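**Q** Numbering (the numbering used here), first residue to last: 865 to 1172.
Cβ coordinates follow ideal geometry from the N, Cα and C atoms, glycine included.
Just so it is clear, the structure is predicted and the values come from calculations on it, not from any experiment.
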């Protein structure tokens, strides 16, 4: 365009019109008659301008196509990984609480899938390597894509009690055996969530109040429990051990079971009826479906599990 203005003394609009008709190959007649120099310059514009335009369009098309194909390939790969999960957890909602739940699962090497539909959390998920399903967590389709029929449990942590109730109802209808932990922001929602099918209901505000009071009264005890439950550099874990009907320890006392000899300490036993027995004695007889809450090193836990 500048060439036409400088070399041929054309005004801005004529020069711009000539460049556009030449580069886009529209082919209108010349704005002004061209001499020998004008023709040579126009041929240069055709060769360089059209070539540059075609090259630029090719690069843009390639970028767009590769972007779509790359995203499609990533989504297909993620779908295959999710389809291969069993006994995993589904986290509904990737806000502040859902993100923290996901971090805890990663720290515990527990497989999980996030279900989210909001824009900002989805952007964070796309930038991470977390498995996720984009969709409404209260819909059958989204939960089925997340593998709810093969899942061990579900945590619904969205910031609306009504949404948590709907998600719980949907999840319970799809998988009656699923462990469901639901968030409750208000006290009167707790019973509704339980009726909807939640096994456990967590109130962040109530738990926060309990923790603050405990830290004020028994700070060292709380610190020890936090270290045991959440410490990253300590070889001490709290595990749940289930006594099944075919277990070798069935009908034996704790003293005769060999569990404590393996190094695991039994903190509590939850009976089939739901009764919780804290610090059970050595004479406690183990029954089918007893759930033992034990503490010990990973090696000791493995030895105790082999006894069961």
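(1) Would you mind giving the Cβ-Cβ distance between residue 1164 and residue 1132, rounded to the nearest angstrom? I have them listed as a contact below 8 Å.
(2) Determine contact between the segment 1078-1093 and the segment 1054-1070, defined as no fewer than three beta-carbon pairs at a distance below 8 Å.
(3) State whether the segment 1091-1109 contacts the segment 1152-1161, with contact taken as three or more CB pairs (one from each stretch) at a distance under 8 Å.
(4) Count the other CB atoms within 10 Å of the CB of residue 1092; is the residue buried (16 or more) or exposed (fewer)?
(5) Closer than 7 Å by C-beta to residue 1032: which residues in its own chain qualify, once you throw out the five before and the five after it? Chain order, please.
(6) Would residue 809 be called buried (16 or more neighbouring beta carbons within 10 Å of its own) or exposed?
(7) Near residue 1017, what residues of its chain come up, given a Cβ to Cβ distance below 8 Å and the 5 sequence neighbours on each side ignored?
(8) Identify whether residue 1156 lies in helix, strand or coil by the three-state DSSP scheme.
(9) Who are the near neighbours of residue 1067 in its chain, counting only those whose CB is closer than 6 Å to its CB and skipping five residues on each side?
(10) Just to confirm my understanding: we take residue 1153, look at its own chain, exclude 5 residues before and 5 after, and list those with CB closer than 6 Å. What are they?
(11) Quick check on this structure: which residue in 1112, 961 and 946 has the alpha carbon closest to the alpha carbon of residue 985?
(12) Can you check the segment 1013-1099 for any beta strand (DSSP E) of at least 3 residues that lies completely inside it and give the ranges in chain order?
(13) Taking the beta strand (DSSP E) that residue 1134 falls in, what are its first and last residues?
(14) Specify the secondary structure class of residue 1108 as computed by DSSP and reduced to three states.
(15) One question on the structure: do residue 1119 and residue 1167 come within less than 8 Å of each other, judged by their Cβ atoms?
(16) What residue from 1097, 920, 1024 and 1169 has the CA that sits closest to residue 971's CA?
(17) Can you tell me where the beta strand (DSSP E) with residue 955 in it begins and where it stops?
(18) Keeping to the same chain, check which residues put their C-beta closer than 8 Å to that of residue 1054; ignore five residues upstream and five downstream.
(19) Between the alpha carbons of residue 1080 and residue 958, how many angstroms are there, rounded?
**A** Considering the structure as presented:
(1) With a Cβ gap of about 17 Å, residue 1164 and residue 1132 do not count as contacting.
(2) no
(3) yes
(4) exposed
(5) 1020, 1044, 1046, 1057, 1060, 1061 and 1062
(6) A question about residue 809 goes unanswered here, because the residues of the chain that appear run from 865 up to 1172.
(7) 953, 954, 1042, 1043, 1044 and 1045
(8) strand
(9) 1048
(10) 1136
(11) 961
(12) 1017-1020, 1043-1047 and 1064-1066
(13) 1129-1134
(14) coil
(15) no
(16) 1097
(17) 953-956
(18) 1048, 1065 and 1067
(19) 31 Å
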